[in-house]
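So the sequences go chain by chain: A and B. Position in the first sequence (from 1) plus 3 gives the number in my numbering. Position in the second sequence (from 1) plus 69 gives the number in my numbering. Glycine included, C-beta positions come from ideal geometry on N, C-alpha and C. Note that this is a predicted model, so its numbers are computed, not measured.
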Amino acid sequence: MKIAVVLRQVPDLIEPLEIAVGGKALDLELATFLVNETDDHALEQAILLKESAGGDVTVVAIDYGDIDNTLFTAAARGADHIVKIQLDDDTQPQPETMSIALATALKDIGPDLVLLGSQTHDELLGPLGPSIAHHLGLPYIGVVCGVEPFGGGMLKVFKEFPGAAKAALDVKTPAVLGVLAAEQPPRYVPVSRIRAAAKSAQFDEQEFDPPPVDALTAVTELYAPEPAECAEMIEGDEEEVASRVAGILAERGLVK
Amino acid sequence: MIRKQDAAVVDDLGFNFLAELSESPEGKDVLGCMQCGTCSGTCPLGVAMEYPPRKIILQARSGHLEDVLASPSVWMCVGCYTCSSRCPRGIELTDTVWPAVRDFALREGHQPPVELQNAFQNLYMYGNVLGKSPRARLKWTKGLDVDVLDLSKNRQPVEVLWLVGDYPSYYPRNQKVAREFARILTALGVSFGTLGAKEKSLGDCDRLFGEEGLFETLVESNAEMFAKHDFERLVLTDPHGYRALHKFYPKYGASFTAQHYTMFLADRLEQLKPHLHRPVQAVATYHDNCCVGRRCGCYEPPRQLLEAIPGVELVEMPRNRENGLCCGGGGGGMWLDGHISEHGGRRLSDDRVKMALDTGADTLAVSCPYELSRFEDSAKVLGAEQQLAVCDIIELLAQSMGLNEGGPL
């Protein structure tokens, strides 16, 4: 089975994010980036599928943030091929641009299965998977938590629903799956293997000139959430804060 | 390099393990193991290990190393060096067999315990085990009444490049110790600076945990950073880092003059003494940390500092100096409490606090950032937190110098 995995970079929330001058976007000038968590699970699911049913795994990523380190790690984890797409600049692209660029590269690969994370922390609705599926003319299933091949180009795909409900779907490949969690946590690879991959991994570097995209929506203002009125901000020194917290817990009968 | 026909091994995995070990002079000593079992008997966690050091070597020789690599006991050594210290053949088991068996386990695809994976990932991504922002390295200096130079922003020659360490930089209990040490250095007129956001862990525990690649990455980065600065010596708050600089970095061609803070201050004892003007009424017992103590053989400087404090009466636990019991936090043990207890290991810090209580001391003095929280937790678990204060030697000195922030005494 030919599996393609999309890996995206997201801003690392270890650093406080700030709103850029103009108030319509985040200031990512000083932000550090890391691999999107659910994409990391998609890669793990792909490697598990390769290990259980054979095939090869191609990782596709757009060049921004700290993508090289993410791609070396993917190679160390077991990815067979790596496609790195260079756009006209190295900042985080708009969602639609990202979708067209990735779909174009994926068309050339012609995979039986495309896996990517079902969401990112800066796009909780997860529009990229359905959008790529639309451009490729393939079905999309999101919030996937397990995939098993059972021959004849068919997959058993497990999907989570609210309330701990789980569904098993029979899916004919090719298809695009948005992964929420792999069947096991992404495996740890020793740094020596990542360092070896950094020396030996070959990237298929592709340039892509994105067509102009008419955005259907535009951000008019970005601002930090205001504290809701029901929230009580407790101030004072440690003793005062601790005593107020203890008082609230006692008022509500949570402690005696 | 040993030849397969000369080694009493029966399979390739065991041979490769012993052959790679034998590439270094200390590792070659492993070939001379006579299977006496002293290491296993003396290890404070040996009874809970399926494969203590003697058995690891036996399994490698007899073609059963794979069983060892899959065993939880691979991840149970806490780097206390007791086995190395007692081995009648002088084999450096802690620095050779343990990292090698873990390195092999990782290379063979075995996963380390999740809590340890997190520590590794944090080190790789952020240069500190706590997964904190590098830019917040000097947050502990906010509002401090003395200047702490950030050499990464203002490069200049200093006498001391102080490597603050991960816990004193980020963990609130240890940040207090960092602030008090900054005041002590200032009172002594020492010109010192830190690396600010550019400071990274020295990677000492990764090496013991077999993450050689991560350790090498940190050695390269740290050596390059130190070379950019003009200083007389490195001074470390963390004994694990001191051990790494003293014992491991030179093997990578990175040699720097380094001292643990107890050594640095004890060398300036006569200069320090006039500042110790306030009596500190404490019956203190000192816990020898394993890295400065058993690994580097340095036992007196911390005691000299404690004895110089007016009012402090120093009493010894029966297990002291070379015979000291580990707190259980070294060699990565700090991030393996869950794994060790799940597989039958004792919480060594509980045992050590009981030993301190048995002396009648009211203060357990330490000189390692890990030990404050480990021993304070144990004192609470044992219901002895009112009976026994756990203090870094820096805190006791600062109290006597009138530079402390209050605290447990």
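Keeping to the same chain, check which residues put their C-beta closer than 7 Å to that of residue i; ignore five residues upstream and five downstream.
i, result
"G132 of chain A", "L119, S121, Y143, G145, V179, G181"
"R176 of chain B", "none"
"D42 of chain A", "V9, L10, R11, L119, G120"
"P370 of chain B", "T331, M332, A335"
"G149 of chain A", "F161, E186"
"R390 of chain B", "D357, G362, Y368"
Evaluate residue i with the Cβ neighbour count: other Cβ atoms within 10 Å of its Cβ, from every protein chain shown; 16 or more gives buried, anything less gives exposed.
i, result
"F164 of chain A", "exposed"
"I251 of chain A", "exposed"
"E161 of chain B", "buried"
"Y321 of chain B", "exposed"
"D214 of chain B", "exposed"
"T165 of chain B", "buried"
"C274 of chain B", "buried"
"R372 of chain B", "buried"
"V248 of chain A", "exposed"
"H124 of chain A", "exposed"
"H491 of chain B", "There is simply no residue 491 of chain B to check, as chain B begins at 70 and stops at 478 in what is shown."
"V216 of chain A", "exposed"
"I237 of chain A", "exposed"
"K259 of chain A", "exposed"
"F223 of chain A", "Before going further, note that residue 223 of chain A is Thr rather than Phe in the sequence given. T223 of chain A comes out exposed."
Quick one: what's got a C-beta closer than 6 Å to residue i's C-beta in the same chain, skipping five residues either side?
i, result
"Q244 of chain B", "W209"
"I17 of chain A", "none"
"E281 of chain B", "D172"
"H408 of chain B", "W144, P182"
"D307 of chain B", "G234, P438"
Would you check if the distance between the CB atom of residue i and the CB atom of residue j is smaller than 8 Å?
i, j, result
"G380 of chain B", "P348 of chain B", "yes"
"D15 of chain A", "T35 of chain A", "yes"
"A323 of chain B", "V288 of chain B", "yes"
"T432 of chain B", "C460 of chain B", "yes"
"P189 of chain A", "E54 of chain A", "no"
"T326 of chain B", "R364 of chain B", "no"
"F93 of chain A", "D212 of chain A", "For the record, residue 93 of chain A in the displayed sequence is Asp; it is not Phe. For D93 of chain A and D212 of chain A, no; Cβs fall outside 8 Å."
"C102 of chain B", "R158 of chain B", "yes"
"F284 of chain B", "G272 of chain B", "yes"
"H298 of chain B", "L232 of chain B", "no"
"P113 of chain B", "L417 of chain B", "yes"
"V229 of chain B", "V304 of chain B", "yes"
For residue i, which residues of its own chain have a beta-carbon under 8 Å away from its beta-carbon, when the five flanking residues on both sides are left out?
i, result
"G156 of chain A", "D115, K175, T176"
"Q487 of chain B", "Because chain B here runs from 70 to 478, residue 487 of chain B falls outside it and cannot be looked at."
"E385 of chain B", "T354, Y355, T428"
"D207 of chain A", "H84, I85, V86, K87"
"L478 of chain B", "Its pLDDT being 43, under 50, L478 of chain B is placed unreliably in this model, and the value from its coordinates should be taken loosely. Correct list, in chain order: V349, A351, T432, A458, C460, E464, L465, Q468."
Give the secondary structure of residue i by DSSP, where H, G and I count as helix, E and B as strand, and everything else as coil.
i, result
"R302 of chain B", "strand"
"T107 of chain A", "helix"
"F84 of chain B", "helix"
"A231 of chain A", "coil"
"M4 of chain A", "coil"
"Q209 of chain A", "strand"
"K169 of chain A", "strand"
"E228 of chain B", "strand"
"I160 of chain B", "coil"
"K162 of chain A", "strand"
"V13 of chain A", "strand"
"F261 of chain B", "strand"
"I22 of chain A", "strand"
"K97 of chain B", "helix"
"L375 of chain B", "helix"
"E243 of chain A", "helix"
"L478 of chain B", "Note that L478 of chain B scores a pLDDT of 43, beneath 50, so its modelled location is shaky; the value from the coordinates is reported in the next line. In this structure, L478 of chain B counts as coil in the three-state DSSP scheme."
"D479 of chain B", "Residue numbering for chain B in the displayed model covers 70 to 478; residue 479 of chain B lies beyond these limits and cannot be assessed."
"C396 of chain B", "coil"
"Q89 of chain A", "strand"
"E385 of chain B", "coil"
"M145 of chain B", "coil"
"L116 of chain A", "strand"
"K175 of chain A", "strand"
"E238 of chain A", "coil"
What ranges does the beta strand (DSSP E) occupy inside the segment 25 to 49 of chain A, keeping only unbroken runs of at least 3 residues that lie completely in it?
Look at the segment 25 to 49 of chain A and you find these whole runs of beta strand (DSSP E), each 3 residues long or longer: 36 to 38.
Please specify which runs of the beta strand (DSSP E), each continuous and at least 3 residues long, are wholly inside the segment 282 to 367 of chain B, giving them in chain order.
When DSSP assignments are scanned along the segment 282 to 367 of chain B, the uninterrupted stretches of beta strand (DSSP E) that are 3 or more residues long and fall wholly within it turn out to be 300 to 305, 327 to 329, 351 to 355.
Please go through the segment 156 to 216 of chain B and give each complete beta strand (DSSP E) segment of 3 or more residues, from N-terminal end onward.
With a minimum length of 3 residues, there is no unbroken run of beta strand (DSSP E) contained wholly in the segment 156 to 216 of chain B.
Return the chain-ordered ranges of every alpha helix (DSSP H) run that is complete within the segment 47 to 84 of chain A and spans a minimum of 4 residues.
Within the segment 47 to 84 of chain A, the complete alpha helix (DSSP H) runs of at least 4 residues fall at 70 to 80.
Please give me, in chain order, every unbroken run of the beta strand (DSSP E) with length at least 3 that falls completely inside the segment 403 to 474 of chain B.
If only uninterrupted beta strand (DSSP E) runs of at least 3 residues are considered, those enclosed by the segment 403 to 474 of chain B are 432 to 435, 458 to 461.
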